[in-house]
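Basically our numbering = 1-based index in the sequence shown + 528.
Beta carbons: idealized from backbone N, C-alpha and C, even for Gly.
Here's the structure, in structure tokens; my notes come after.
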Amino acid sequence: MELSIQNVSMTYPNGKEALKNLILDLKSPSLIGLLGPNGAGKSTLMKLLVTALLPTGGSIQVDGAPLKKGARQLKAKLGYLPQEFGLFDELTVTQFLDYMAALKGISNPKVAIQKAIRAVNLEEKAKSKIRTLSGGQRQRVGIAQALLGNPPFLILDEPTVGLDPEERIHFRNLFSRTAENRLVLLSTHIIEDVQSVCDQIVVIHHGKIRFAGTPEQLIQSAAGHVGVFWEKDQVQEKGLHITARVNTSQGIRCRVVADKLPAYAQADEPSLEDAYLYLISREVAQ
Ligand code: ADP
529 MELSIQNVSM
539 TYPNGKEALK
549 NLILDLKSPS
559 LIGLLGPNGA
569 GKSTLMKLLV
579 TALLPTGGSI
589 QVDGAPLKKG
599 ARQLKAKLGY
609 LPQEFGLFDE
619 LTVTQFLDYM
629 AALKGISNPK
639 VAIQKAIRAV
649 NLEEKAKSKI
659 RTLSGGQRQR
669 VGIAQALLGN
679 PPFLILDEPT
689 VGLDPEERIH
699 FRNLFSRTAE
709 NRLVLLSTHI
719 IEDVQSVCDQ
729 IVVIHHGKIR
739 FAGTPEQLIQ
749 SAAGHVGVFW
759 EKDQVQEKGL
769 HITARVNTSQ
779 GIRCRVVADK
789 LPAYAQADEP
799 SLEDAYLYLI
809 SREVAQ
């Protein structure tokens, strides 16, 4: 499975330029973390990939063929978990998945449903009504419907929002297993999710790709730009972005990202979060 985004732009009818000349090539197997602040253009990109929108410029190719609106070619290849996903509370998990399988035109729904339920570890709840499920279990139903028919390409839009840490870890492991033989695009605000499972990261900001590469490369890009200092040492300086402020018995310890670290800061190893914040803070400063 290969996805090629060629010079894609998206301007909404009101004139808002949400994406500007995006160029990106993605190949399976890979789990790609899509990061960016609110309003960066992530959802717009996902809507283009699921053909809910058509680009106003450029083109998207799937396995060498241009993507067209409502294309059957993609429908069979794509599993999508949107951010706002309506479940039917009065249906059981199996009934709901049966309904989704019918919408997707899956030819052998019984087997496909069993597989999807097993993949998300919901066998025990297969006959339970959706309204009786916990938040995490409901999200698992959402992922199960995306997995129906075993599509080689999965798009998951903020799938771990609202989950507790234990459930998030469960999900990360599930995504990681899911991506063993697929292309999975995971949009999230949660850096830890990306750090623990993604082999590639794409950062979008103001409608443009600001970074595409491995998590290690992103971390490397912030080397020498992360420091720590005690707050009492701080002199007000422009271009400093405090990313953490911890009260300790010895005073307030701050973590900072900056193009040029002040002399009173002691350099520290960047985390993925530092590197992401450094990248975004530079964009804001420009
Ligand atoms: P993200 O998912 O990263 O938060 P979006 O793709 O939703 O970002 O939005 C990108 C930009 O496009 C934002 O400035 C947003 O306000 C704008 N936008 C999104 N949808 C529409 C729309 N239907 N009409 C006009 N502008 C839109």
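In the structure shown, E694 adopts helical secondary structure according to DSSP, grouped into three states. Here V774 is exposed, its C-beta having fewer than 16 other C-beta atoms within 10 Å.
Along the segment 675-753, the beta strand (DSSP E) occurs as fully enclosed runs of 3 or more residues at 681-685, 711-715, 728-733 and 736-741, listed in sequence order. With respect to the C-alpha of I747, the residue from S777, A786 and Y804 having the closest C-alpha is Y804.
Comparing alpha carbon positions, the residue from T620, E801 and P594 closest to E651 is T620. Inclusion of K544 in the 7 Å shell around the ligand ADP follows from its C-beta lying nearer than that to a non-hydrogen atom of the ligand. For the 8 Å CB-CB criterion, R696 and D721 form a contact. Distances from the CA of L573 to each of L675, K653 and L684 were compared; the closest alpha carbon is that of L684.
Set against 7 Å, the gap from the CB of Y608 to the closest heavy atom of the ligand ADP is not smaller. Runs of the beta strand (DSSP E) lying entirely within the segment 624-682 and spanning at least 3 residues: none are present. Bounds of any alpha helix (DSSP H) do not take in S587; it lies within the beta strand (DSSP E) bounded by G585 to V590. Pairing L576 with I737 gives a Cβ-Cβ distance that is not under 8 Å. Relative to A546, the option among L768, N566, K655 and A793 whose CA is nearest is N566. Looking from the CA of G677, the closest CA among N535, T660, P637 and R659 belongs to P637. Q665 and K653 do touch by the CB rule: their CB atoms are close to 6 Å apart, below 8 Å. F616 is not bridged by DSSP to any residue. For K655, the number of other beta carbons within 10 angstroms of its own is below 16, and it is reported as exposed. When C-beta atoms of the segment 778-788 are compared with those of the segment 708-721, fewer than three pairs fall below 8 Å, so the two segments do not count as touching. The three-state reading of DSSP puts E759 in helix, counting H, G and I together.
Collapsing the DSSP output to three states places L547 in a strand.
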